[in-house]
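What follows is a single structure, written as structure tokens, with notes after it.
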Amino acid sequence: MIRSEYFKKNVSRETIMKLSKFHNILIDNNKKMSLISKNSEKIAVERHYVDCAQMIKYFDKSDKLILDIGSGAGLPGIILDIIKSDYNLNFSTHLIDKSPKKAKFLHNVNSLLNLDIKIHNCDLRQINDRSFTTLVSRAFKPMKEFFEIILDTDIKFKKIILMKGEKFMNELKIAKKYFEINCESFKSLTNPKSKLFVIKSVSKI
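First residue of the sequence shown? That's 5 in this note's numbering, and the numbers climb one at a time after it.
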């Protein structure tokens with residue numbers, strides 16, 4: 005079973021067991037395909053799972069339909085879906101990734117963990133469902149490119165939650181040259197040099 009003070013304090017033992025099962029599936033599949041960096045396997049709990057889980061703090065009852073864009077290994081979407089009941093949240097989770105191999109992995113995880121996640125194996129521009137309450141993303145695209153895709157695709161949303169690494173300031177400066185961004189930023193629990201952005205609206209300048 006995974007060891008984590010964060011999860012021990014915030015979620016049930018049953019949830020930790022499900023997270024542990026996800027971890028085992030992920031590490032086993034990482035031998036065959038690149039889901040996470042090989043160097044981060046031994047620190048995956050803090051580096052990836054806690055990093056994703058901290059996003060739940062910025063959810064509330066109005067977050068009903070979640071889309072994880074560029075989901076890859078299911079980060080953050082699967083982690084958020086696993087822990088949501090511990091926070092008395094009940095949202096539907098959608099994951100989108102255009103890689104067939106990663107989509108197959110996500111389908112397997114969904115089945116093995118008995119989750120009820122909808123997986124879209126396509127480019128965001130091809131998705132049929134275009135109305136969500138909340139968009140989430142981690143390590144997908146730089147802000148400028150991300151906002152261009154969102155607006156060009158005409159995806160409807162009420163909130164975007166983005167995890168950004170140590171280059172967040174440069175990304176934000178570039179994006180602000182092209183977009184009016186209504187957002188708040190918060191320190192990451194796992195890396196003080198990273199930021200979590202909660203974005204209420206984005207529009208082209």
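We put the beta carbon where it would ideally sit given N, CA and C, even for glycine.
Asked, Found
"Residues of its chain near I178, where Cβ-Cβ distance is below 6 Å and the 5 sequence neighbours each way are ignored", "K148"
"Cβ separation of F136 and I70, assumed to be a contact under 8 Å, to the nearest whole Å", "7 Å"
"Stretch pair the region 72-86 + the region 28-47: three plus CB contacts closer than 8 Å", "yes"
"Backbone CA spacing between K12 and K208 [nearest angstrom]", "43 Å"
"Cβ separation of L116 and I29, assumed to be a contact under 8 Å, to the nearest whole Å", "6 Å"
"Through-space distance from T194 to E45, alpha-carbon basis", "16 Å"
"DSSP bridge partner residues for C187 (one or two, in chain order)", "I203"
"Sub-7 Å separation of F172 and K191 beta-carbons", "no"
"Cβ neighbour criterion (16 or more within 10 Å) applied to Q130", "exposed"
"Element boundaries [beta strand (DSSP E), containing S141]", "T138 to R142"
"Own chain, CB closer than 6 Å to L166, minus 5 neighbours either side, in chain order", "S141 and F201"
"M167, DSSP secondary structure in three states", "strand"
"Residue burial classification, M59 (beta-carbon count within 10 angstroms, cutoff 16)", "buried"
"Other residues of its chain near I86: CB distance less than 8 Å, five sequence neighbours each side excluded", "T19, K22, L23, F26, L117 and L119"
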